[in-house]
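I have placed the structure first, in the form of structure tokens, so that the comments after it can refer back to it.
Residue numbers (our numbering), protein chains in the order written: chain E, -8 to 214; chain X, -8 to 214.
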């Protein structure tokens, strides 16, 4: 019976993959690559690892907020994983770190309930990599660091509180976020890092930040 | 003129170092290893990389809250770094990620002011690695993740707020933290991960958590 590995491949720069991730991916004959049309996590790993002998299963995760649609999809993918685990180790790839807003955990919970072992491999988060690209520190001595998914219940309170703030999962709401940051007098100290570590990386600062940024954008609001 | 690299070596498990960190450390003839008596960051990297031809400079960081003592020490180490940079690339090693509560930034600021280039290499944070060892997720859909250095001004408010909380830099205050978590009814859902990724790693959960945990302990309070 195989083991189900959740493998973080880092933030986008293929060199930011860990030795552990490389070892686990290399030994797993079956790879789950989360994707829409193509898989960024897979293409990052393919820069480093030879996938020619592997079975790659592309797993589609709909961008829905409907709990039923999401949960049916998790079950569908977990069934595929369990089918493969009957014979082989399976690695599911994940951009950034596996414990930060990853879909892996939902699949892993179901797979674990069905009696399979699950192992998680940590990785470099998009916000740590983004801070390095900006040349800044995320946390200063006694100040907290707050990771905020856009639209969470207490977003404004968290943005106002002391410490560095990271805003993730902004999607098409960049314009709204810019308005909120401007209103809270935080825009001046904000960074937007689009496609961190990839060839088309872009760093914008303060009032330069525009509302036409892509899905892979991390916002950092300096304390 | 050399470049000053801040290199994250990951959370303690030598396999959680990135390919980029390995490449940078390998090419730098001079290494700054932060330490008290011995350097954990150095010993982690020594598991993977041959240091026999390198000049290793052990840099002492006093555990003081006195701004004068700290700033004199940063200047002292920055002077040593600048001296070496006149001829060579220099890499300063850092456990976890370089942008999360690292002393590197203080040194880097001075070195940069003196006209040298600084490059940061991101790494796996102790809290991401700890979550993987606990087999848990740090963030769930629309909930924030809050990284709290023990004793920060609004610690209790942050502990009470929605989302997963990480408490770092607890030092000798584990007993106090346990009392606070018990009072806020959060102890039951807490994990303490001591020496994550090292041979003497220990994971304690809920009421098992005791006050005799070492310096390298991360606390996770599940949402």
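Note that CB positions come from ideal geometry on N, CA and C, so glycine has one too. Bear in mind that the values here come from a model prediction, so they are computed numbers and not experimental data.
Beta-carbon gap between residue i and residue j smaller than 8 Å
i, j, result
"residue 1 of chain X", "residue 116 of chain E", "no"
"residue 204 of chain X", "residue 179 of chain X", "no"
"residue 202 of chain E", "residue 155 of chain E", "no"
"residue 24 of chain E", "residue 49 of chain E", "yes"
"residue 140 of chain X", "residue 159 of chain X", "yes"
"residue 84 of chain X", "residue -2 of chain X", "yes"
"residue 200 of chain E", "residue 169 of chain E", "yes"
"residue 181 of chain X", "residue 172 of chain X", "yes"
"residue -5 of chain E", "residue 76 of chain E", "yes"
"residue 14 of chain X", "residue 6 of chain E", "yes"
"residue 73 of chain E", "residue 107 of chain E", "yes"
"residue 42 of chain X", "residue 22 of chain X", "yes"
"residue 162 of chain E", "residue 206 of chain E", "yes"
Cβ separation of residue i and residue j, assumed to be a contact under 8 Å, to the nearest whole Å
i, j, result
"residue 39 of chain E", "residue 65 of chain E", "Wrong, their Cβ atoms sit about 28 Å apart, outside the cutoff."
"residue 152 of chain X", "residue 209 of chain X", "That pair is no contact at about 19 Å."
"residue 189 of chain E", "residue -7 of chain E", "Rounded, the Cβ-Cβ distance is 32 Å, inconsistent with contact."
"residue 192 of chain X", "residue 124 of chain X", "7 Å"
"residue 18 of chain E", "residue 100 of chain E", "Contact doesn't hold; Cβ gap of about 24 Å is too wide."
"residue 112 of chain E", "residue 11 of chain E", "5 Å"
"residue 119 of chain X", "residue 88 of chain E", "4 Å"
"residue 212 of chain E", "residue 150 of chain E", "7 Å"
"residue 82 of chain X", "residue 157 of chain X", "Contact doesn't hold; Cβ gap of about 27 Å is too wide."
Run of the alpha helix (DSSP H) containing residue i, from where it starts to where it stops
i, result
"residue 95 of chain E", "95 to 104"
"residue 118 of chain E", "117 to 125"
"residue 174 of chain X", "165 to 174"
"residue 41 of chain E", "No alpha helix (DSSP H) holds residue 41 of chain E; DSSP gives it neither H nor E."
"residue -8 of chain X", "Segment: none, residue -8 of chain X is in no alpha helix (DSSP H) and carries neither H nor E."
"residue 150 of chain X", "146 to 151"
Beta-bridge pairing of residue i - partner residues as DSSP gives them
i, result
"residue 111 of chain E", "E:-3"
"residue 85 of chain X", "X:-1"
"residue 193 of chain X", "X:185"
"residue 137 of chain E", "E:156 and X:137"
"residue 19 of chain X", "None, per the DSSP bridge assignment."
"residue 13 of chain X", "Answer by DSSP bridge pairing: none, since residue 13 of chain X is not bridged."
"residue 24 of chain E", "E:49"
"residue 210 of chain X", "X:158 and X:183"
Where the beta strand (DSSP E) containing residue i begins and where it ends
i, result
"residue 65 of chain E", "Residue 65 of chain E -> not in any beta strand (DSSP E); alpha helix (DSSP H) instead, spanning 58 to 76."
"residue 51 of chain X", "46 to 51"
"residue 158 of chain E", "155 to 159"
Closer than 7 Å: residue i CB and nearest the ligand FMN heavy atom
i, result
"residue 12 of chain E", "Here there are no bound small molecules, and the ligand FMN is not part of this structure."
Across the region 128 to 140 of chain E and the region 89 to 105 of chain X, are there enough close Cβ pairs to call them in contact, namely three or more that are closer than 8 Å? yes
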